[in-house]
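Take the sequence shown: its position 18, counting from 1, is numbered 18 in our numbering, and each next residue is one higher.
Virtual Cβ for every residue (Gly too), placed ideally from N, Cα, C.
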Amino acid sequence: MGLIGGAIGAGVSAIAGIFGGRAASKAMKNIEKDLNQQQTENQNWYDRRYNEDATQRADAQAMLSRTEESIRQRNRAAAGAAAVGGATDESVAAAKAANNKVLTDATTDIVVNAERRKDAIESQYQAKDAALRAELNDLQRQKAGQVSQAIQGVQQAAAGMGGAF
Numbered sequence: 001m002g003l004i005g006g007a008i009g010a011g012v013s014a015i016a017g018i019f020g021g022r023a024a025s026k027a028m029k030n031i032e033k034d035l036n037q038q039q040t041e042n043q044n045w046y047d048r049r050y051n052e053d054a055t056q057r058a059d060a061q062a063m064l065s066r067t068e069e070s071i072r073q074r075n076r077a078a079a080g081a082a083a084v085g086g087a088t089d090e091s092v093a094a095a096k097a098a099n100n101k102v103l104t105d106a107t108t109d110i111v112v113n114a115e116r117r118k119d120a121i122e123s124q125y126q127a128k129d130a131a132l133r134a135e136l137n138d139l140q141r142q143k144a145g146q147v148s149q150a151i152q153g154v155q156q157a158a159a160g161m162g163g164a165f
């Protein structure tokens with residue numbers, strides 16, 4: 001009776017190890033699928049944000065609109081002052097040139113800020129990507145450990161069954 005009980009115990013142990021390994025493997029596949037989805041979403045976020053046109057962003061458009069309106073007002077004021085005060089065409093042209101420089105400076109500021117923003121987006125993307133890759137690597141190590149444990153469990157159960165007979 002002891003031999004049969006030992007053999008049954010070893011067989012149950014082997015079966016439990018196999019089913020436990022399959023359940024762990026299924027859970028790890030789900031985790032891996034989720035991590036891969038996160039990587040895809042991170043890549044899509046990066047592609048969308050990194051490649052957007054900084055001059056088309058709402059904040060940049062608002063700043064450019066305010067600057068252009070201010071320039072129009074200043075140009076009208078300069079033209080009005082010239083008409084009333086008899087200013088030369090050169091002085092009106094100089095005022096318009098100065099106002100256009102303001103618009104150029106505003107656009108330059110947008111471009112400089114866009115480069116800083118791109119650097120921040122790239123840093124954030126790389127940090128998240130590295131974290132996701134590390135999690136996937138850990139998961140692969142866990143899978144390898146689970147396979148090794150399952151094989152050892154089956155070998156021990158087989159040895160136990162062999163010893164029982």
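Any 3 or more C-beta pairs closer than 8 Å across the region 97-105 and the region 59-77: yes
Three or more C-beta pairs closer than 8 Å, one from the region 133-148 and one from the region 28-37: is that the case here? yes
Would you call the region 47-55 and the region 109-128 touching, i.e. three or more CB-CB distances under 8 Å? yes
Going by C-alpha distance, which of Ala27, Lys26, Gln43, Tyr50 is nearest Asp119? In the sequence shown, the residue the question calls residue 119 occupies position 119. Considering only alpha carbons, the answer is Tyr50.
Measuring CB to CB, does Asp109 end up less than 9 Å from Gln39? Here residue 109 is taken as the residue at index 109 of the sequence shown, counted from 1. Here residue 39 is taken as the residue at index 39 of the sequence shown, counted from 1. Going by C-beta atoms, Asp109 is not nearer than 9 Å to Gln39.
Would DSSP call Gly86 helix, strand or coil? If you number the sequence shown from 1, residue 86 lands on position 86. In this structure, Gly86 counts as coil in the three-state DSSP scheme.
Is the shortest distance between the beta-carbon of Glu115 and the beta-carbons of chain B less than 9 Å? No chain B appears in this structure, which consists of one protein chain only.
Taking DSSP as the reference, what is the three-state secondary structure of Glu52? As a first step, residue 52 is located in the sequence shown; it is residue number 52 there, counting from the start. Reduced to three states, the DSSP call for Glu52 is coil.
So, with DSSP's three-state summary, where would you put Arg57? Here residue 57 refers to the residue found at position 57 of the sequence shown. Reduced to three states, the DSSP call for Arg57 is coil.
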